[in-house]
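Sequential numbering of the first sequence, starting at 5, is according to the working numbering.
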Amino acid sequence: MDNIKAQVAEALNSLYGIDKENPAIQLQKTKKEFEGNLTLVVFPFLKASHKTPEATAAEIGEYLLKNSAEITGYNAVKGFLNLTVAGTSWVEKLNGIASDDKYGIKEAAADAPLIMIEYSSPNTNKPLHLGHVRNNLLGYSLAQILKAAGNRVIKTNIVNDRGIHICKSMLAWEKWGNGITPEKAGKKGDHLIGDFYVLFSNKYKEEVEALQAKGMSKEEAEAASPLMNEAREMLRRWEAGDEKVRSLWRTMNGWVYAGFDETYKRLGVDFDKIYYESETYLEGKEKVLEGLEKGVMYRKEDGSVWADLTEEGLDEKLLLRADGTSVYMTQDIGTAKLRFRDYPIDKMIYVVGNEQNYHFQVLSILLDKLGFAWGKGLVHFSYGMVELPEGKMKSREGTVVDADDLMDEMVETARATSSELGKLDGCAPEEIDKITTMIGMGALKYFILKVDPRKNMTFNPKESIDFNGNTGPFIQYTHARICSVLRKAAESGITLPAQADPATELSDKEVSLIQHIEAFKNIVGEAAATYSPALIANYTYDLVKEFNQFYHDYSILHEPDTAKRDLRLLLSANVAKVVKNGMNLLGIDVPERM
RNA sequence: GGUCGGGUAGCUCAGCUGGAUAGAGCAACAGCCUUCUAAGCUGUGGGUCAAGGGUUCGAAUCCCUUCCCGAUCACCA
5 MDNIKAQVAE ALNSLYGIDK ENPAIQLQKT KKEFEGNLTL VVFPFLKASH
55 KTPEATAAEI GEYLLKNSAE ITGYNAVKGF LNLTVAGTSW VEKLNGIASD
105 DKYGIKEAAA DAPLIMIEYS SPNTNKPLHL GHVRNNLLGY SLAQILKAAG
155 NRVIKTNIVN DRGIHICKSM LAWEKWGNGI TPEKAGKKGD HLIGDFYVLF
205 SNKYKEEVEA LQAKGMSKEE AEAASPLMNE AREMLRRWEA GDEKVRSLWR
255 TMNGWVYAGF DETYKRLGVD FDKIYYESET YLEGKEKVLE GLEKGVMYRK
305 EDGSVWADLT EEGLDEKLLL RADGTSVYMT QDIGTAKLRF RDYPIDKMIY
355 VVGNEQNYHF QVLSILLDKL GFAWGKGLVH FSYGMVELPE GKMKSREGTV
405 VDADDLMDEM VETARATSSE LGKLDGCAPE EIDKITTMIG MGALKYFILK
455 VDPRKNMTFN PKESIDFNGN TGPFIQYTHA RICSVLRKAA ESGITLPAQA
505 DPATELSDKE VSLIQHIEAF KNIVGEAAAT YSPALIANYT YDLVKEFNQF
555 YHDYSILHEP DTAKRDLRLL LSANVAKVVK NGMNLLGIDV PERM
């Protein structure tokens with residue numbers, strides 16, 4: 005396609021003296037209502053041609069027909085020049101794609117940009133929910149896409165393992181847990197800890213209500229609550245390094261991590277390096293004091309440290325409290341310091357919800373002022389909330405969708421559907437498990453990733469489990485279908501050719517499909533440049549949709565003309581390849597049968 | 001109120017670096033399995049692209065104004 009663009013540029017230059025690098029030279033895929041493969045919009049060149057749109061289009065078309073071996077026809081509709089490209093060119097493109105197993109996927113060079121992606125970032129006091137699922141899927145997919153575009157990528161996770169929230173769970177466990185463990189309870193550790201967190205909240209609420217009934221105001225009651233004071237005391241002891249508290253903390257966090265690991269594994273996400281806030285929160289303090297010396301920050305009379313961002317159109321920002329303890333922002337600076345020490349990062353991407361837009365705006369400025377090379381250009385990959393049809397998820401109202409439950413449900417539905425359709429009859433049980441897991445997880449992942457991350461999305465438990473239409477299973481199904489054809493071919497002794505004969509006659513649908521898979525390379529680049537898994541998702545869907553039309557209209561194995569048959573087989577195999585590679589960028593596996 | 005996102009079919013969403021008659025899926029209705037997997041394919045109906053103005057040969061897309069929804073503006077994380 006690039007060479008055809010060059011030929012068009014050559015034509016415009018020769019006819020009208022237009023600069024060959026003119027950005028207005030844009031070739032797009034011809035709409036299906038019109039004849040041709042590629043369309044040039046000629047309006048931008050009318051000033052140079054001094055002719056009507058029709059005459060200009062015809063003139064360029066005529067020139068290309070004469071001077072280009074690849075252009076075999078043209079038609080001009082209004083200001084649109086539709087070009088037909090020779091079939092041999094298309095077959096050669098297909099052969100090129102076929103000879104590259106990882107078509108569209110670049111290897112990272114040793115000196116490629118090093119990008120660190122932070123995602124997931126859970127608190128250790130409760131299990132992961134639907135919002136985390138979106139975060140994890142986006143982060144992982146983004147990493148896959150950036151890698152495929154030739155970058156070196158480090159996936160990282162910052163675990164918020166310290167603070168009052170975990171003390172609440174610890175206290176509740178001490179008081180009412182009777183020494184229970186995940187093993188004894190037969191429960192994942194993160195869920196067990198989550199239960200104690202809820203228990204604390206309920207008991208605390210009871211206390212506050214009881215105190216209010218005795219005539220205290222809500223604020224007074226909250227301040228007087230013995231339970232909350234005990235939790236605060238526990239935090240103080242934690243900070244002081246009290247071994248008993250630390251030991252309990254380590255044990256309970258350990259339970260949570262074991263639970264998270266299970267969830268991560270099922271989700272198919274992983275990390276190259278995990279940071280813990282308990283290890284980074286003190287680092288920020290040091291960096292802030294350094295900034296204080298440099299005059300980037302200033303100290304108020306009460307001893308607190310601030311940054312003045314009014315020049316940047318923002319407010320003043322607190323970085324150290326009067327008692328010298330750090331706040332959220334300080335911790336993020338500390339984490340940044342460690343990361344920069346550990347890796348020569350060129351770019352840092354934070355996958356964090358849009359409720360923290362302001363935080364990252366500030367963080368970017370502060371890191372820049374503190375001398376981090378990548379601070380100014382840090383990317384906050386901001387995504388919207390996941391809402392339920394009834395509205396937002398609220399833990400108080402018990403409408404939070406738990407990640408583990410959700411995955412169970414998706415896989416269970418996949419199993420039920422498969423069994424209903426009888427698709428996996430005769431498969432070994434382990435095989436059925438494997439495939440239904442792929443389908444259930446594929447449905448979930450695709451449903452979430454196909455949507456523009458910026459938007460709040462509605463998660464309808466019923467619709468997201470739909471396996472028809474624009475869904476993960478539909479795409480997986482097409483892959484399985486192609487694999488089935490390839491199996492049948494092998495069974496009847498037809499070998500998949502490595503290359504197709506360039507003289508083979510092509511139908512419009514075949515040309516269109518070749519054009520489509522060829523575009524994968526550019527789509528990967530664009531998805532990386534715009535940080536958009538959704539682009540990959542929608543591209544793959546369109547490709548698969550088109551393949552199914554082709555599959556319906558043309559016979560592959562029963563085609564009597566062996567050159568055509570071989571080409572269709574090769575084309576199908578390469579559609580499957582691109583589908584697999586594309587879905588891999590979303591973290592979705594594709595089965596060979598379903 | 002300030003700042004940042006969003007508003008496209010009944011519902012969920014594409015399209016947004018300006019290009020031809022705004023696309024899918026779901027839902028509804030009507031068809032297609034002695035032939036490579038019907039989780040598929042084909043067709044019908046469904047739109048003031050929030051509203052108004054501007055720029056342009058051309059605007060869902062760019063600019064301005066207004067309206068609606070969300071987030072945020074903590075010595076919480």
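Positions of the beta carbon are idealized from the N, C-alpha and C atoms, including for glycine. The structure displayed is predicted, hence computed values, not measured ones.
By DSSP's assignment, Leu85 forms a beta bridge with Leu44, Ala80. The alpha carbon of Glu66 has as its nearest neighbour, out of Gln11, Ala112, Gly100, Asp115, the alpha carbon of Gln11. For Leu318, the three-state secondary structure derived from DSSP is coil. In this chain, the alpha helix (DSSP H) harbouring Asn139 covers 134 to 152. For Arg156, no alpha helix (DSSP H) segment is defined; the enclosing uninterrupted segment is the beta strand (DSSP E) at 156 to 163. Counting only residues of its own chain and dropping the five nearest sequence neighbours on each side, Ser18 has no CB closer than 6 Å to any other CB. Looking at Leu382, Ala377, Val355, Gly357, the one whose alpha-carbon comes closest to that of Val366 is Leu382.
Per the C-alpha coordinates, the member of Ala502, Thr499, Thr128, Ile369 positioned closest to Val300 is Ile369. Less than 8 Å divides the Cβ of Ala153 from the Cβ of Gly529. A Cβ-Cβ distance of about 4 Å is found for the pair Val415 and Gly444, placing them in contact under the 8 Å criterion. Here the segment 102 to 110 makes no contact with the segment 236 to 244; the two share fewer than three CB pairs at distances below 8 Å. Put simply, of Gly288, Asp6, Thr60 the residue whose alpha carbon is nearest the alpha carbon of Glu74 is Asp6. The distance from the Cβ of Gly288 to that of Gln335 is about 5 Å, consistent with a contact at the 8 Å cut-off.
When the alpha-carbon of Lys130 is set against those of Val212, Cys171, Glu111, the nearest one is in Cys171.
Taking every protein chain shown into account, the CB of Gly395 has fewer than 16 other CB atoms within 10 angstroms, so this residue is exposed.
Spatial neighbours of Leu371 in its own chain (CB-CB distance under 8 Å, excluding positions within 5 residues in sequence) are listed in chain order as Ile337, Ala340, Trp378, Gly379, Lys380, Leu382. Per DSSP, the continuous alpha helix (DSSP H) segment holding Gln365 begins and ends at 361 to 373. Bridge partners of Ala577 according to DSSP: none are assigned. According to the DSSP assignment, Ile592 belongs to no alpha helix (DSSP H), since it is labelled neither H nor E. By alpha-carbon distance to Ser282, the top candidate from Thr566, Ser330, Glu266 is Ser330. Between Thr60 and Gly77 the beta-carbon gap is near 18 Å, outside 8 Å, which marks them as no contact. In the three-state DSSP reduction, Thr403 falls in the coil class, being neither helix nor strand. Secondary structure note for Met120: its beta strand (DSSP E) is the uninterrupted segment 118 to 122. For Asn474, the closest of Phe451, Pro465, Asn257 by C-alpha to C-alpha distance is Phe451.
Within a 10 Å sphere around the beta-carbon of His483 sit 16 or more other beta-carbons, which makes this residue buried. One thing to note: Ser386 has its Cβ within 8 Å of the Cβ of Val356. Under the 10 Å beta carbon count, Ala407 is surrounded by 16 or more other beta carbons and is classified as buried.
In this chain, the alpha helix (DSSP H) harbouring Ser18 covers 6 to 20. A distance below 7 Å between beta-carbons, with the five flanking residues on each side excluded, links Ala147 to the following residues of its chain, in chain order: Ile121, Val157, Lys159. Between Lys513 and Asp557, the C-beta gap is smaller than 8 Å, which places the two residues in contact.
Residue range 193 to 217 is occupied by the alpha helix (DSSP H) that includes Asp194. Here the alpha carbons of Lys9 and Leu31 stand approximately 7 Å from one another. In this structure, Glu294 is the residue among Arg250, Ala112, Glu550, Glu294 with its C-alpha nearest to the C-alpha of Leu324. Judged by DSSP in its simplified three-state form, Gly288 adopts helix.
Pairwise C-beta distances place the segment 253 to 268 out of contact with the segment 302 to 309, as fewer than three of them are shorter than 8 Å. Annotated as distal: Ile162 and Ser205, with beta-carbon spacing of 8 Å or more.
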